Amino acid sequence: MTERGPVAGPGTSDGAAGVPPADARTAQLRERLAAVRQRIDGAVADAGRQGNPPQLVVVTKFHPAADVRRLSALGITDVGENRDQEASDKAARLQDLDLRWHFIGQLQSNKAKSVVKYAHAVHSVDRLQLALALAKAMAAERERTGRPPLQCFIQVSLDDDADGHRGGALPADVPELAERLAGTADLRLAGVMAVAPLGVAPAAAFEKLAAISARLTALHPGATGISAGMSQDLEAAIRFGATHLRIGSDILGPRPALR
Ligand SMILES: *Cc1c(COP(=O)(O)O)cnc(C)c1O
140 MTERGPVAGP
150 GTSDGAAGVP
160 PADARTAQLR
170 ERLAAVRQRI
180 DGAVADAGRQ
190 GNPPQLVVVT
200 KFHPAADVRR
210 LSALGITDVG
220 ENRDQEASDK
230 AARLQDLDLR
240 WHFIGQLQSN
250 KAKSVVKYAH
260 AVHSVDRLQL
270 ALALAKAMAA
280 ERERTGRPPL
290 QCFIQVSLDD
300 DADGHRGGAL
310 PADVPELAER
320 LAGTADLRLA
330 GVMAVAPLGV
340 APAAAFEKLA
350 AISARLTALH
360 PGATGISAGM
370 SQDLEAAIRF
380 GATHLRIGSD
390 ILGPRPALR
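Here you go:
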């Protein structure tokens with residue numbers, strides 16, 4: 140695989156031999172992780188959620204498998220990726236680690252078969268056709284490996300003009316999609332996910348997501364997950380009930396701009 144990671148810092152080589160115990164990159168990741176954890180702890184305390192802190196998912200897209208290995212050594216258990224090819228490649232190389240892989244990007248139905256081979260969760264289920272493809276792929280994968288059900292978050296668009304440039308189902312379409320996921324043996328309806336729209340105060344966006352989540356759990360009491368909060372807006376997400384934070388650049392550093 141060609142690494143598309145940003146400029147290699149000290150110690151970012153991705154050798155098969157693994158990671159030296161205390162390289163400079165590990166020290167940097169440890170430091171940034173501690174700073175992010177401190178922000179999370181502060182927001183959790185402010186929200187009075189000490190008994191119910193969110194799960195940190197470290198988004199490792201564009202960064203090499205060696206960084207994921209370093210994060211695992213630092214105690215990280217959950218990592219997020221947004222492209223199937225990159226994710227499946229890393230998951231294959233890191234099979235010896237105890238990691239849960241979260242797929243967080245737009246997903247084409249024809250990638251479902253690949254994703255269910257490594258993913259613990261898909262945070263970006265946004266249409267019925269994808270739910271059906273995941274169900275079919277999971278049935279085959281469970282038959283083959285006996286793997287547990289796939290956790291599925293419904294990605295919701297919080298854009299008022301619904302042009303969907305950050306992806307997601309319209310709030311009005313959530314109930315039908317939820318019913319489909321909840322009625323499929325190999326899928327688990329975990330809850331909702333959203334990305335705060337550009338140009339909107341994150342708090343307003345996450346308040347809206349919390350209301351969508353409340354309507355969902357009224358119908359599906361087990362679907363309490365709220366995947367929300369990135370590097371820029373994790374505090375607002377925690378305030379409005381995020382159960383899963385997806386944090387990339389504040390831990391791993393900047394990624395090259397894509398588009
Ligand atoms: C990249 C990405 C993240 C992480 O964003 P950062 O700003 O780097 O923390 C979270 N969620 C999704 C859907 C992403 O694509």
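Note that the working numbering has the sequence shown beginning at 140, numbered continuously upward.
Don't be surprised by glycine CBs; every beta carbon is placed ideally from N, CA and C.
Just so you know, these numbers come straight off a predicted model, no measurement behind them.
Among the options, nearest to residue i - alpha-carbon criterion
i, options, result
"A204", "R178, D235, P192", "D235"
"G387", "A375, V339, G368", "G368"
"R243", "S370, G364, V334, H262", "For the record, residue 243 in the displayed sequence is Ile; it is not Arg. The option with the nearest alpha carbon to I243 is H262."
"R286", "Q294, A276, V295, L168", "A276"
"L297", "G214, A353, M332", "M332"
"V445", "P336, G219, L391", "Lying outside 140 to 398, the shown extent of the chain, residue 445 is not represented and no answer is given."
"Q177", "A212, P393, D389", "D389"
"D312", "A274, L355, V339, T323", "L355"
"A357", "L273, A317, L233", "A317"
"D223", "G190, T216, S370, A260", "A260"
"R169", "D206, N191, V254, D217", "D206"
"K250", "L273, D228, L238", "L273"
"N191", "R394, H383, V175, A362", "H383"
"L233", "R208, V254, V218", "R208"
"S211", "R385, A321, T165", "T165"
"S448", "R394, T363, A362", "The structure shown has nothing for residue 448, since the chain only spans 140 to 398."
Residues of its chain near residue i, where Cβ-Cβ distance is below 8 Å and the 5 sequence neighbours each way are ignored
i, result
"R378", "A182, D185, A186, A342, F345"
"L267", "E315, L316, R319"
"Q189", "V183"
6 Å CB neighbourhood of residue i in its chain, flanking five on each side removed
i, result
"R327", "P288, Q290"
"A381", "P193, I365, A367, G368"
"K200", "E220, N221"
"K252", "A276"
"S248", "Q268, L269, A272"
"T323", "A274"
"L195", "L384"
"A321", "L328, H359"
8 Å contact criterion, which residue i and residue j should meet: CB distance rounded
i, j, result
"D265", "G307", "5 Å"
"L238", "V218", "6 Å"
Other residues of its chain near residue i: CB distance less than 7 Å, five sequence neighbours each side excluded
i, result
"R281", "D325"
"K347", "L297"
"A226", "E220, W240, F242, Y257"
"Q245", "S263, G306"
"A230", "W240, Y257"
"A375", "P341, A342, F345"
"G214", "none"
"R171", "D389, I390"
"V175", "I386, D389, I390"
Classification of residue i by the beta-carbon crowding that lies within 10 angstroms, buried from 16 upward
i, result
"A270", "buried"
"T284", "exposed"
"Q167", "buried"
"D180", "exposed"
"V197", "buried"
"V330", "It should be noted that the sequence gives Gly, not Val, for residue 330. G330 comes out buried."
"P360", "exposed"
"D299", "exposed"
"G392", "buried"
"A173", "exposed"
"G303", "Residue placement at G303 is poorly supported in this model, since its pLDDT is 48, which falls under 50; the coordinates are not used for a value here."
"A350", "exposed"
"V334", "buried"
"L309", "exposed"
"A353", "exposed"
"A279", "exposed"
heavy atom of ligand 3 below 8 Å from residue i C-beta
i, result
"G219", "Looking at this structure, you won't find ligand 3 anywhere; what it does contain is ligand 1."
Any heavy atom of ligand 1 within less than 5 Å of residue CB: hits in chain order: Checking every Cβ against the heavy atoms of ligand 1 under 5 Å gives V198, N221, I243, M369, S370, R385, I386, G387, S388.
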